[in-house]
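According to numbering that gives the first Met the number 0, the sequence shown is numbered sequentially starting from 0. Don't be surprised by glycine CBs; every beta carbon is placed ideally from N, CA and C. Remember, predicted model here, so these are calculated numbers, not experimental data.
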Amino acid sequence: MRLHLSTWPEIETYLTKSKAILIPIGSTEQHGPNGLIGTDALCPEIITSAADDLTDMLIGPTFSVGIAQHHLAFPGSMTLRPSTMIAAMKDWTDSLIRHGFERIFWINGHGGNTATIQAAFAEIYSERSLQKPTEIASSDLRQKAMNWWELPGVMDVCKKQFPTGDGMHATASEVAVTYAGYPDQVRKVEMTPRIAPIGNFRDAEHYRAMFPDGRIGSDPSQATVEKGNTIIEAAARSLASQFRSFADAD
Ligand code: NI
């Protein structure tokens, strides 16, 4: 069930049965020569949509622009400052709390978001903790964030599909997931070198100097629709079970 494809009476009814919502969160940033700029937002969205067929859930709008300052030397990349993202996540959360939501599960598609998501949680919990006990909202707010590739069992499936060159950025796995979600967007591009270099980076110019075509450690030319579907199937199963136990926990 999708929030944006529901009516308010339907959400009111949902809230009598569950206080839980799943929010895909990602990034809008270059993903190498054959990866879509929306990859990090599309992957959690595609996996979430497959998980929706497996268990009762409510899926919120995708938080699709995240922390991508280091990709800004590549056309099309967009970023939020960490402080902006924390403020936006807080406003999304406060809006949901206002209606009675108490369990918010952010399924993340971009490693670069992790620190800021944790900072946003700390900000949200701090506001509650800093109030006098009598003023604390009666809700039992619980937040959870997971990277989709860290869902139990998923990394093994990715490794099996791509024993070499899965990589760290513009990975074969994430490109495959987007190709499975959007088969008419498959790109055929030869990679030079076949497997991209690895290393650290600072800001946007430094990143582009270190990784000229945008990839880190990967050979995403291995990505296929079929391999993407195998990953989606495993990730959706795992996400459905993670969401169920989070939503139903006492
Ligand atoms: Ni990515």
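The beta carbon of E173 sits closer than 6 Å to at least one heavy atom of the ligand NI. Within the DSSP bridge table, the entry for G34 names H30 as partners. Counting along the chain, I215 sits inside no beta strand (DSSP E), nor does DSSP assign it H or E at all. Sorting M209, S240, W7, P23 by C-alpha distance to the C-alpha of N146 places P23 at the top. Exclusion of the five residues before and after T229 leaves V156, Q160 as the residues of its chain whose Cβ lies within less than 7 Å of its Cβ. For T92, the number of other beta carbons within 10 angstroms of its own is at least 16, and it is reported as buried. From the listed residues M167, M56, S94, D218, the smallest Cα separation to S17 is found for M56.
M0 sits in coil when the DSSP states are folded into three classes, being neither helix nor strand. About 7 Å separates the CB atoms of V224 and V185; that is less than 8 Å, so the two are in contact.
Taken from the Cβ of D39, at least one heavy atom of the ligand NI lies inside 6 Å. CA-CA distance, P32 to R1, rounds to 32 Å. Taking the Cα positions, M84 is about 20 Å away from A72. Looking at the backbone, the Cα of P192 and that of P219 are separated by about 12 Å. In its chain, beyond the 5 residues on either side, E28, Q29, A67, H70 have a beta carbon closer than 6 Å to the beta carbon of S76.
Take I58, set aside five residues on each side of it, and the residues of its chain with a beta-carbon closer than 8 Å to its own are M0, R1, L2, I20, L21, I22, P23, T47, S48, D51, in chain order.
Annotated three-state conformation of H205 is helix, per DSSP.
Nearest to T78 by C-alpha distance, out of D39, R97, I123, E101, is D39.
Every alpha helix (DSSP H) stretch that sits fully inside the stretch 75-124 and reaches 4 residues is listed by chain position as 81-97. In the DSSP assignment, H168 is bridged to I215.
In this model, A179 and Q130 are separated by some 47 Å (Cα to Cα). Counting C-beta atoms within 10 angstroms of its own C-beta, W7 has fewer than 16 neighbours from the protein chains shown and is therefore classed as exposed.
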